[in-house]
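Single-structure report; data block below.
In structure tokens:
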């Protein structure tokens with residue numbers, strides 16, 4: 001009889017444990033399902049903005065060429081390129097090259113916000129230089145992210161819901177955040193990055209200061 005009671009107790013324990021497992025894994029599944037849906041929507045919104053950026057980039061190139069031609073400045077070195085996957089766009093403005101990429105939205109990631117919950121969103125990097133040249137010989141994902149961060153000018157974070165603002169951060173301003181609408185974000189992000197780069201200049205290379213006196 002004791003063995004029967006022991007078997008019954010073991011069965012009840014197993015049922016109870018199974019119920020706990022199902023309940024807790026169910027909660028995990030619900031949470032991750034919500035993340036998955038937001039990830040899909042934010043990716044779609046990010047791709048839409050990136051494609052719109054590529055369209056606007058062409059009009060920016062045309063406008064710049066007209067402005068430089070009026071001033072008798074050769075405009076042959078002003079052009080833009082979009083790769084076949086439509087995840088990398090490059091604009092060349094005389095001696096400046098700027099690249100934009102939405103290629104690294106491979107898993108749900110959130111932007112930390114002070115005083116608010118982290119916002120799950122897609123990201124578009126703006127980097128100084130040619131993406132293709134920067135990534136030559138770099139195949140590891142983590143190393144590619146380091147290259148992007150080391151050359152980052154600004155980033156655009158795109159949420160899943162279109163009633164939430166798109167967020168632009170600018171690296172040299174300590175990632176200061178600016179809020180943009182989904183409609184204005186492609187144009188304003190492009191123009192801001194171009195203004196940041198082209199308003200600056202390139203320094204002459206110099207050797208380090210020697211450790212001795214003359």
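Residue numbers (our numbering): 1 to 214.
C-beta atoms are modelled at their ideal positions from N, C-alpha and C, and glycine is treated no differently.
Proximity to residue i [Cα-Cα], best of the options
| i | options | result |
| --- | --- | --- |
| residue 180 | 196, 195, 163, 173 | 163 |
| residue 56 | 94, 133, 189 | 189 |
| residue 122 | 207, 44, 23 | 44 |
| residue 182 | 168, 143, 172, 113 | 168 |
| residue 107 | 120, 115, 95, 101 | 120 |
| residue 100 | 94, 143, 155 | 155 |
| residue 151 | 128, 206, 135 | 128 |
| residue 110 | 80, 75, 38 | 38 |
| residue 126 | 137, 172, 95 | 172 |
| residue 94 | 133, 198, 208 | 198 |
| residue 113 | 135, 90, 64, 165 | 165 |
| residue 36 | 133, 79, 143, 105 | 105 |
| residue 191 | 60, 176, 208, 75 | 60 |
| residue 161 | 175, 40, 134 | 40 |
Buried or exposed (CB count within 10 angstroms, at least 16 for buried), residue i
| i | result |
| --- | --- |
| residue 118 | exposed |
| residue 203 | exposed |
| residue 19 | exposed |
| residue 184 | exposed |
| residue 140 | exposed |
| residue 49 | buried |
| residue 33 | exposed |
| residue 25 | exposed |
| residue 42 | buried |
| residue 5 | For residue 5, the predicted structure reports a pLDDT of 49, less than 50, and the residue's modelled location is therefore unreliable. A value from the coordinates is still provided. Exposed: under 16 other Cβ atoms inside 10 Å. |
| residue 85 | exposed |
| residue 70 | exposed |
| residue 72 | exposed |
Whole-Å CB distance - residue i paired with residue j, under 8 Å assumed
| i | j | result |
| --- | --- | --- |
| residue 103 | residue 88 | 6 Å |
| residue 58 | residue 77 | Not quite, the Cβ-Cβ distance comes to about 16 Å (not below 8 Å), so this is no contact. |
| residue 98 | residue 170 | About 14 Å; that fails the 8 Å criterion. |
| residue 226 | residue 52 | As shown, the chain starts at 1 and ends at 214. That puts residue 226 outside it, with no answer to give. |
Residue range of the unbroken beta strand (DSSP E) whose run includes residue i
| i | result |
| --- | --- |
| residue 180 | 176-180 |
| residue 110 | 110-113 |
| residue 106 | Element bounds for residue 106: n/a, residue is neither H nor E. |
| residue 166 | 166-170 |
Limits of the unbroken alpha helix (DSSP H) element including residue i
| i | result |
| --- | --- |
| residue 193 | 185-198 |
Which whole runs of the beta strand (DSSP E) in the region 122-160 are 3 residues long or more, in chain order?
Listed in chain order, they are 152-159.
Beta strand (DSSP E) runs contained entirely in the region 70-99, provided each spans 3 or more residues:
Runs found: 78-82, 88-93.
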